[in-house]
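Q: Okay, so the sequence shown: first residue is 5 according to our numbering, each after it adds one.
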Amino acid sequence: MGRDKVIGSAPALRPRMLDNSQEPRLLITHRDAAHVYGVCSLCEHRLHAFIRDTEQQARLLLNRGFKQHCRGRHEMIVSIPTKVSAPRRSTRVAADVLIEVLGERFAYAGETITVNLHGALVRVAAPLNPADRITLHVHGTGKSAGAAVVFADYEASQFGVELDHPENIWGMADPPADWTLSES
5 MGRDKVIGSA PALRPRMLDN SQEPRLLITH RDAAHVYGVC SLCEHRLHAF
55 IRDTEQQARL LLNRGFKQHC RGRHEMIVSI PTKVSAPRRS TRVAADVLIE
105 VLGERFAYAG ETITVNLHGA LVRVAAPLNP ADRITLHVHG TGKSAGAAVV
155 FADYEASQFG VELDHPENIW GMADPPADWT LSES
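This is the structure in structure tokens:
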């Protein structure tokens, strides 16, 4: 229980746990040069997000992952106020699409949970790491695209991936209107 991780010269923050009657909260525990780390106040589920451009963007990804965790684990939708507001680039659509995730030394079968023109939330049984470069292959369309892993929830085997170039590789027959801008 008393395992405080030391980052630099200061110990990482130990989150204060709440009782189960309270709403879950995302508690930011620490950051390093490449990641922001957090924990769920109810179940101590650990999350982290890769700092790709800015720490604020990484915190937004961490918040999104936390919301997904709460929907699945605590059966509730959690509203998390954020100081940073980044507009969604394209509409998310719930879709169960069979995929293959290919890396330099691996190939894993998986499925999507949600998709949009810029990426997806995928479920893969093997661990991917934020910043991993991958290729996504969609079996139903035969299309492939380069992507980067931008979020990891290892407990749920869910990973956020961002496509290198916005594209409907998912085979959505009637995509949302904001998907048509970059489609070929």
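For every residue, glycine included, the Cβ atom is placed at its ideal position computed from N, Cα and C.
Could you pull the DSSP bridge partners for L125 from this structure?
A: Answer by DSSP bridge pairing, in chain order: T118 and G164.
Q: Are the beta-carbon atoms of H39 and P134 separated by less than 9 Å?
A: Result yes, Cβ atoms of H39 and P134 sit closer than 9 Å.
Q: Quick one: Cα of A99 to Cα of R127, how far?
A: So the alpha carbons of these two residues sit roughly 12 Å apart.
Q: Assign G164 to buried or exposed, taking buried as 16 or more other Cβ atoms, counted over all protein chains shown, within 10 Å of its Cβ.
A: Result: buried.
Q: Which of the three DSSP states is assigned to S30 in this structure?
A: Residue 30 is actually Leu in this sequence, not Ser. It is a strand residue.
Q: Extract the residue ranges of the alpha helix (DSSP H) inside the stretch 51 to 77, only unbroken runs of 4 or more that lie entirely within it.
A: Listed in chain order, they are 59 to 77.
Q: Hey, could you find the ends of the beta strand (DSSP E) R137 is sitting in?
A: Segment R137 to V142, the beta strand (DSSP E) holding R137.
Q: What separation, rounded to the nearest whole angstrom, lies between the Cα atoms of G146 and S45?
A: Rounded to the nearest angstrom, the two C-alpha atoms are 42 Å apart.
Q: Can you pull the DSSP bridge partners for R35?
A: R35 is bridged to V40.
Q: Within the same chain, show all residues whose beta-carbon is closer than 6 Å to that of A156, passing over the 5 residues directly before and after it, in chain order.
A: Only P134 and F163 meet the Cβ criterion.
Q: Whose C-beta lies closer than 7 Å to the C-beta of E159 among residues of the same chain, with five residues either side of it excluded?
A: Here the set comprises H49.
Q: On the three-state DSSP scale, how would you describe A177?
A: Reduced to three states, the DSSP call for A177 is coil.
Q: Determine the extent of the beta strand (DSSP E) in which V153 is found, giving its start and end residues.
A: Per DSSP, V153 belongs to the beta strand (DSSP E) from S148 to D157.
Q: Excluding the 5 residues flanking G69 on each side, which residues of the same chain have their C-beta closer than 6 Å to its C-beta?
A: Taken in chain order, the residues that qualify are L51, F155 and D157.
Q: Rounded to whole angstroms, what is the Cα-Cα separation between G107 and C47?
A: C-alpha separation (whole angstroms): 32 Å.
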